[in-house]
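Under numbering that gives the first Met the number 0, the first residue of the sequence shown is numbered 0, with each subsequent residue one higher. What follows is a single structure, written as structure tokens, with notes after it.
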Amino acid sequence: MNQSTLAIRGSILHFLEDPAKSARSNAEDCYEYYQDGIMLVQNGYIESLDSADELLDKLPENTQVLDYSGRLIVPGFIDTHIHYPQTEMIASYGEQLLEWLETYTFPTEKQFAEESYAAEIADIFFQQLAAAGTTTAMVFGTVHPQSVEAFFKAADAKNLRMICGKVMMDRNAPEYLTDTPESSYRDSKKLIEKWHGKGRLQYAVTPRFAPTSSAEQLTKAGELLKEFPGLYMQTHLSENRNEIAWVRQLFPDSKNYLDVYDQFGLLGKRSVFAHGTHLCDEEFSRLHETESALSFCPTSNLFLGSGLFNLKKAEAYNICVGLGTDVGGGTSFSILQTLNEAYKTQQLRGEKLTPLKSFYLATLGGARALDLEDKIGSFRIGKEADFVVLNGAATPLMSLRTKKCKNLLETLFVYSILGDDRAVEATYVMGNRIY
Ligand code: GUN
Ligand code: ZN
């Protein structure tokens with residue numbers, strides 16, 4: 000597709016490094032910020048970024064200027080863990096993880112045997128993501144391959160950068176929702192051959208979590224990862240105390256929860272483990288050694304009463320961490336709202352989540368967790384132009400509060416606490432407005 004050059008003007012912020020790794024929490028070298036900046040986009044890719052002063056009289060002929068002066072432009076948000084089939088069961092009352100799965104989740108996911116139903120929900124899901132400013136997500140389907148088929152079809156039509164996989168689960172679930180080691184292997188393989196690497200789509204081998212997969216099925220998951228280099232792996236890890244006790248019973252020979260996955264070759268740079276709220280030092284250490292990533296899902300961890308993620312420890316072990324909404328266990332599609340609860344989670348641990356770290360996690364941190372740093376997560380030249388335009392005066396209260404902010408950090412903090420989909424004025428993928 001040939002696009003004329005786009006010049007996007009506004010306050011532009013992106014990250015180059017993890018602020019926690021800089022000497023001071025407001026270290027200037029981890030990000031670039033242009034109060035009045037211009038980003039040039041050509042054919043969907045970032046061509047340059049500088050102050051408006053520098054670029055304004057050098058714009059190529061036929062440049063289309065999108066003037067968002069007074070707005071904040073950041074890379075599209077990245078959600079490293081979410082279940083699209085659970086969109087309709089967000090805010091289901093009263094249970095913790097294992098009962099919540101039985102009571103609400105499994106009956107909801109049953110409906111995705113019908114591809115037309117899956118397509119309907121996928122459509123609503125993508126509308127929610129765009130409204131929240133999320134441009135990339137790592138997503139669970141259901142056990143039904145047609146759920147992933149519907150998902151990828153819709154994502155491809157919108158040219159979204161998405162990762163998804165068919166859930167593998169062959170035990171400890173209702174019969175209507177189980178596959179077998181062989182069928183899960185076969186169905187996953189078919190989806191991989193059709194969709195992995197097509198356009199901006201990639202496939203994740205997706206064993207739901209250790210309790211719902213037999214050793215035979217986890218072996219098959221490991222085989223797929225060996226057979227197709229570049230595949231992702233996503234699953235749940237150490238989310239809830241009863242779940243952990245159950246895994247200990249089911250896999251008595253494993254050293255710990257992570258070790259179950261390790262034994263089947265499921266760790267690595269493209270493996271993303273959701274939650275990890277109760278990990279021991281040995282597990283942190285092994286995640287580091289294998290370059291595996293964690294998805295921090297604060298709204299879900301609080302909603303399901305799972306626990307408080309230890310971000311400082313993940314940092315100390317140098318583990319890539321991204322944010323996950325974990326809808327429908329999570330309570331919002333909004334990464335800004337997710338930052339709100341991430342901040343409170345760290346408060347309850349006696350730690351501070353700085354506004355720079357928050358916006359890093361929402362963008363470049365997520366891209367690193369998904370091993371997509373070469374494509375998305377910042378505005379470095381050559382990256383894909385996925386970005387979001389935020390309005391700090393989206394509500395009367397936000398407007399009142401942001402006017403009192405004395406610097407960028409204060410403003411970012413207000414976005415992360417008061418912000419939600421109302422603060423998202425526009426969402427762009429590959430330079431095209433989708434919301
Ligand atoms: N563990 C296994 N399945 C699920 C799920 O669907 N959601 C969450 N939050 N945890 C899980
Ligand atoms: Zn989940």
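Idealized CB from N, CA, C, for every residue including glycine. On a predicted model such as this, the values are computed, not experimentally measured, just so you know.
| Check | Outcome |
| --- | --- |
| Which residues have a Cβ closer than 6 Å to any heavy atom of ligand 2, listed in chain order? | His-80, His-82, His-235, Ala-273, Asp-325 and Gly-328 |
| Can you tell me the Cβ-Cβ gap for Ile-11 and Phe-378, rounded? I've got them flagged as a contact below 8 Å. | 7 Å |
| Roughly how many whole angstroms lie between the Cα atoms of Gly-221 and Gly-327? | 27 Å |
| So, with DSSP's three-state summary, where would you put Asn-300? | helix |
| Mapping the DSSP letters down to three states, classify Asn-390 as helix, strand or coil. | coil |
| Given Gln-216, which residues of its chain have a CB within under 7 Å of its CB, disregarding the five upstream and five downstream residues? | Met-167, Asp-169, Pro-180, Ser-183 and Pro-206 |
| Phe-295: beta carbon under 6 Å from a heavy atom of ligand 1? | no |
| With 16 as the cutoff for other CB atoms within 10 Å, does Leu-71 come out buried or exposed? | buried |
| Among residues of its own chain, excluding the 5 on either side of Leu-200, which ones have a beta-carbon nearer than 7 Å to its beta-carbon? | Phe-151, Ala-154, Asp-155, Met-161 and Trp-194 |
| What's the call for Met-0, buried or exposed, on a 16-neighbour Cβ count within 10 Å? | Because the pLDDT at Met-0 is just 46, under 50, the model does not fix this residue reliably, and the point stays unresolved. |
| Is DSSP giving Leu-159 helix, strand or coil here? | coil |
| With three or more C-beta pairs closer than 8 Å as the rule, is the segment 286-298 touching the segment 73-92? | yes |
| With respect to 6 Å, is the separation between the Cβ of Ser-146 and the closest non-hydrogen atom of ligand 1 below this value? | no |
| With distances taken Cα to Cα, identify the nearest neighbour of Ala-361 among Leu-371, Gly-376, Glu-372 and Leu-352. | Gly-376 |
| Tell me the DSSP secondary structure of Ser-3 in three-state form. | coil |
| Indicate, with yes or no, if ligand 1 has a heavy atom lying under 6 Å from the CB of Thr-337. | no |
| Taking Phe-76 as the reference, which of Leu-408, Lys-405 and Asp-385 has the closest Cα? | Asp-385 |
| Compute the Euclidean distance between the alpha carbons of Asn-317 and Glu-288, then round it to the nearest angstrom. | 10 Å |
| If we call anything under 7 Å between Cβ atoms a contact, is Ala-203 one with His-235? | no |
| Please state whether the Cβ-Cβ distance between Asn-255 and Cys-279 is less than 7 Å. | yes |
| Which residues share a DSSP beta bridge with Thr-135? | Ile-77 and Arg-160 |
| By Cβ distance, which residues of its chain are closer than 6 Å to Gly-418, with the 5 residues on each side in sequence left out? | Leu-335 |
| Please determine whether the Cβ atom of Arg-207 lies at a distance below 6 Å from any heavy atom of ligand 1. | yes |
| So, Leu-257 versus Glu-282, is the Cβ gap smaller than 7 Å? | yes |
| What are the residues that DSSP puts in a beta bridge with Ser-398? | Answer is none; Ser-398 lacks a bridge partner. |
| Would you say the beta carbon of Ser-291 is closer than 6 Å to some non-hydrogen atom of ligand 1? | no |
| Return the first residue and the last residue of the alpha helix (DSSP H) that Ile-45 is part of. | No alpha helix (DSSP H) contains Ile-45, which is instead part of the beta strand (DSSP E) from 44-50. |
| What would DSSP say about Arg-421, mapped onto helix, strand or coil? | helix |
| Just to check, is the beta-carbon of Ser-183 closer than 6 Å to a non-hydrogen atom of ligand 1? | no |
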